[in-house]
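First comes the structure, then the notes that go with it.
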């Protein structure tokens with residue numbers, strides 16, 4: 001299957017893994033992308049989709065001291081974002097602010113609000129409170145989960161509580177439940193662990209083969225999607241954590257990232273080291289899959305893969321839906337190319 | 001659809017109660033219906049020959065008003081349920097044609113001499129019976145007289161053949177003296193219209209009909225393959241060659257637009273041919289000079305007539321824009337591009353077939369200028385205004401001649417398709433002038449309306465962020481100047497000629513910007529033509545004019561739901577409730593600052609309890625559940641509404657779209673098929689059909705449906721994009737170029753719908 005090259009491209013100068021939707025920018029469809037170059041000075045690009053929707057342009061370009069391994073835009077302030085970076089021997093994490101009049105400065109410098117310094121292990125990701133203005137942050141390193149309280153005006157961040165994942169587990173990432181803000185999921189090699197952040201104790205866990213990435217379905221409670229090491233994608237109902245409700249074939253090599261559409265229930269993007277992005281439409285209404293409907297009318301059973309975007313030349317680690325125009329997503333391949341596509345062709349109109 | 005018109009006479013909005021009494025064919029159809037399914041096929045071919053006294057009502061009454069205007073309720077005595085209806089038509093399609101001569105002759109006898117020819121023998125005699133005109137003077141018209149007259153009659157017979165569903169045969173015609181522009185115009189519009197007329201026919205049939213028509217008129221069916229035609233603008237040619245020389249490896253990039261430009265030019269850039277052919281037909285002292293004297297005392301009054309030049313400039317602007325995106329520096333610096341760019345800004349004008357430099361400041365570095373220019377686009381409009389003023393009255397006359405001549409052909413088409421049956425457009429025009437329909441005041445109004453619309457367009461381009469919601473008018477509108485474009489638009493809409501209806505309705509709202517019904521219908525036409533942006537823009541204007549119109553509020557709710565704009569959608573759906581006479585008491589006591597989905601959904605559920613048999617309530621509920629992606633409930637709501645309104649094609653499409661979005665593509669296809677059975681030229685349903693096939697991985701099928709949708713509305717930008725994706729997925733990269741250059745001829749040939 002050939003990917004349609006209807007996407008709009010934008011080139012970062014260097015290799016990159018991280019792209020994030022700027023949710024707080026309600027006037028434009030914008031993304032932040034950070035580079036990961038070993039030799040050069042790294043950069044954060046503020047990329048904006050033109051109002052005509054057919055051009056990506058650089059709204060701001062800021063230098064960043066280290067390789068960026070994780071980047072996440074603040075959900076309530078479009079000029080604030082977090083990065084996880086690698087500096088020399090150790091990982092660090094910081095909250096950054098884009099200067100106010102960045103457009104008028106010759107070489108605008110990012111302002112570091114604070115760094116999150118309590119980590120002993122290799123930091124994996126930073127999670128913002130799922131929606132609205134809030135001072136809480138989660139950071140996850142290989143061994144621990146931290147809950148932070150961030151004060152932007154005082155430029156401080158305090159650890160509120162933390163918990164260890166336990167000796168046997170190495171954490172690799174996580175997601176914050178948008179339906180239940182007390183619940184956070186973190187991925188380890190062979191399970192997804194859930195914490196209640198009020199008590200900072202583990203609640204449940206899902207045992208599965210090596211998970212790389214996890215995302216909550218923003219439209220339906222209790223539903224999560226995981227990217228598995230062995231290239232598949234699983235959809236889980238947390239009320240029945242024993243078996244996945246649905247399995248999608250994923251990618252021909254490792255499936256690296258999964259992202260649920262913020263508006264369209266069941267629309268899932270995945271990307272992987274096979275240099276493709278797959279668009280899935282997975283019905284989350286269980287009865288459709290499990291009931292005899294499937295047996296009754298085999299023609300009703302359709303391949304949930306809507307499209308494969310294959311116009312990439314390198315592994316794709318970065319994926320982000322636009323929250324403002326939820327039919328638009330951005331993908332970032334390791335060679336530093338951002339491609340924005342629209343999934344409108346797969347949506348029927350009344 | 002054309003078939004159904006024949007029997008049902010759905011083109012008129014006549015009184016449904018008179019159905020069986022005044023229509024012998026209807027009676028015959030009824031009599032035959034239950035008796036022999038084999039005989040029914042032939043019924044389709046029987047026109048309503050009932051003579052009527054009304055000059056416009058050429059069809060008898062609407063017995064089964066399938067093409068009723070949405071939102072306008074009318075009883076349908078024939079519609080006892082969808083199953084019977086579709087069975088009826090299905091048997092029509094499948095049954096045998098033979099053995100109907102008797103029936104045929106029966107029908108012919110009471111109304112005139114028996115038909116002389118049998119179907120398929122001789123075009124004129126065979127077609128004539130289909131001409132249900134009152135006067136039978138033209139029963140066997142000799143194909144002579146003025147070219148206008150010949151063309152008019154010939155086109156009539158083509159349309160009539162469409163109604164009868166019989167093959168159209170080429171006929172020898174005298175030399176008509178059609179210019180290239182005429183031909184291009186006839187070709188393009190007849191091609192789109194044929195798709196609407198024969199929406200239920202195979203691609204082969206449509207092409208055969210079209211080829212027969214075009215062949216008779218000595219028009220080449222396909223001009224897309226023509227390369228750059230040299231000669232008309234020497235300067236352009238030189239620059240072109242130069243740019244080609246610079247650009248050998250990348251030359252193919254430009255081929256697409258060059259063709260496009262040529263086509264455009266053929267329409268606009270050949271005033272000589274226009275003038276000649278005009279003189280041939282009407283003599284040098286034709287009406288134009290008269291008109292000039294009486295009407296052109298002031299050039300300003302006729303501003304509205306200058307559309308082609310504006311259109312040409314706009315075209316060049318788009319072209320320049322496209323070219324500017326070509327990153328090859330050599331090409332960027334080529335004089336060709338500079339030339340086009342200048343033309344786009346009105347610095348060069350195509351005046352009397354010569355390219356002249358406008359008196360305005362010439363360009364230095366064009367690229368910089370273009371940049372500055374695209375930031376500030378109103379300047380081209382200013383330039384154009386200046387340019388217009390600097391033109392003397394003589395040029396105006398010339399331009400006007402060109403323009404009017406162009407309109408004349410279009411007008412003819414209008415007449416053809418509207419059944420106005422004006423024998424000679426010039427006569428009609430004279431009449432209008434006599435009646436004062438084109439008096440100075442109205443001319444002023446037109447000019448003013450046109451100015452306003454141009455300003456609006458310019459303003460829209462200046463603020464791209466707000467351009468959403470501004471209605472974009474078509475460049476060349478033959479209906480501007482029509483006596484009653486609104487009625488025309490309604491008629492065209494009923495017949496399902498959506499793209500034409502859009503033009504007529506645009507002419508109406510330019511004249512009468514407060515016409516709620518015209519704006520509403522325009523919005524519906526755009527939605528059915530799969531253009532939600534324009535649909536929303538038109539509906540917003542309707543809503544401005546009448547903030548309480550229920551249909552408008554519902555349509556806006558649907559369109560905003562399609563565009564995933566929840567807040568807006570809720571606002572309009574709640575507005576529907578607040579303005580509905582039966583449900584407004586349910587509305588919240590105070591207009592809340594912000595509406596919450598749950599509140600609105602609760603109110604409509606209450607309304608559904610009060611009136612469980614009101615289909616509209618279930619429709620709104622279905623839309624609301626779509627908004628919250630609660631597809632199962634949405635499907636139930638639409639299914640309930642369909643029990644109450646089984647003939648609502650847009651409702652079938654809503655059901656299908658909901659099913660498709662909840663991963664039930666196979667069910668969706670069945671629902672779309674129902675919609676298309678009821679309304680064969682429902683472009684949105686064709687496009688949705690393509691989406692559902694594509695979502696099931698059946699790309700080959702999806703391509704055919706997209707191509708079909710595009711043939712009916714080549715302006716459906718979304719469908720072009722979808723087609724491109726399906727072509728890629730089906731590994732048909734060889735056709736991507738045809739898709740990118742929007743070469744419908746080639747695509748239709750390659751992907752005919754079975």
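Residue numbers (UniProt numbering), protein chains in the order written: chain A, 1 to 350; chain B, 1 to 754. From the three backbone atoms N, C-alpha and C, an ideal C-beta is built for every residue, glycine too.
{"query": "Within-9 Å CB hit, residue 312/A to chain B", "result": "no"}
{"query": "Short CB-CB distance (under 9 Å) between residue 286/A and chain B", "result": "Any reading at residue 286/A needs caution, since the residue's pLDDT is 45, under 50, leaving its predicted position unreliable; the model's value is listed next. So no, residue 286/A is outside the interface."}
{"query": "Identified DSSP bridge partners for residue 309/A", "result": "277/A"}
{"query": "Cβ-based contacts, 7 Å cut-off: residues of the segment 725-738 of chain B near chain A", "result": "725, 728, 729, 731, 733"}
{"query": "Range covered by the alpha helix (DSSP H) that runs through residue 656/B", "result": "649-661"}
{"query": "Residue 476/B, DSSP secondary structure in three states", "result": "coil"}
{"query": "Within-9 Å CB hit, residue 629/B to chain A", "result": "yes"}
{"query": "Cα-Cα separation, residue 672/B to residue 346/A", "result": "16 Å"}
{"query": "Listed by chain order, chain A residues near residue 558/B by CB distance under 7 Å", "result": "350"}
{"query": "Nearest residue (CA-CA) to residue 219/B, options 191/B, 201/B, 631/B", "result": "191/B"}
{"query": "DSSP state of residue 230/A mapped onto helix, strand, coil", "result": "coil"}
{"query": "Where the beta strand (DSSP E) through residue 374/A begins and ends", "result": "Absent from the structure is residue 374/A, since the part of chain A shown begins at 1 and ends at 350."}
{"query": "Cβ-Cβ distance between residue 159/A and residue 96/A below 9 Å", "result": "no"}
{"query": "Distance between residue 683/B and residue 196/B (C-alpha atoms, nearest Å)", "result": "9 Å"}
{"query": "Residue from 637/B, 629/B, 697/B, 614/B whose Cα sits closest to the Cα of residue 666/B", "result": "697/B"}
{"query": "Contact set between residue 531/B and chain A, taken where Cβ atoms lie within less than 9 Å", "result": "The contacting residues do not exist; residue 531/B stays about 10 Å from chain A at best."}
{"query": "DSSP state of residue 45/A mapped onto helix, strand, coil", "result": "strand"}
{"query": "Rounded C-alpha distance that separates residue 732/B from residue 307/A", "result": "15 Å"}
{"query": "Per-residue DSSP class, three states only, for residue 741/B", "result": "coil"}
{"query": "Within 9 Å, strictly: CB atoms of residue 423/A and residue 142/A", "result": "Nothing can be reported for residue 423/A: it is not among the residues displayed for chain A, which extend from 1 to 350."}
{"query": "Span separating the alpha-carbon of residue 24/A from that of residue 47/A", "result": "14 Å"}
{"query": "6 Å Cβ shell around residue 215/A - same chain, five flanking residues per side excluded", "result": "175, 225, 258, 259, 260"}
{"query": "Proximal chain C residues relative to residue 605/B, where beta-carbon distance stays under 9 Å", "result": "Looking at the structure shown, chain C is missing, and the protein chains on hand are A and B."}
{"query": "For residue 34/A: DSSP bridge partner residues", "result": "18/A, 44/A"}
{"query": "Of the listed residues 223/A, 256/A, 338/A, 201/A, nearest to residue 210/A (C-alpha basis)", "result": "256/A"}
{"query": "Contact list for residue 346/A against chain B, beta-carbon separation under 7 Å", "result": "691, 695"}
{"query": "Cβ of residue 722/B within 9 Å of any chain A Cβ", "result": "yes"}
{"query": "Local Cβ density within 10 Å of residue 109/A, reported as buried at 16 or more and exposed below that", "result": "exposed"}
{"query": "Exposed unless 16 or more other CB atoms sit within 10 angstroms - verdict on residue 700/B", "result": "exposed"}
{"query": "Distance CB(residue 42/A)-CB(residue 53/A) smaller than 9 Å", "result": "no"}
{"query": "Pairwise C-alpha distance: residue 716/B and residue 710/B", "result": "6 Å"}
{"query": "Bridge partners - residue 114/A, DSSP secondary structure assignment", "result": "95/A"}
{"query": "With 16 other Cβ atoms within 10 Å as the buried cut-off, status of residue 192/A", "result": "buried"}
{"query": "Cβ shell of residue 638/B (< 8 Å), same chain only, five flanking positions each side left out", "result": "618, 619, 622, 651, 654, 655, 658"}
{"query": "Host beta strand (DSSP E) of residue 338/A (start-end)", "result": "337-342"}
{"query": "Interface residues of the UniProt repeat \"TPR\" (516-549) of chain B facing chain A [CB-CB below 8 Å]", "result": "530, 532"}
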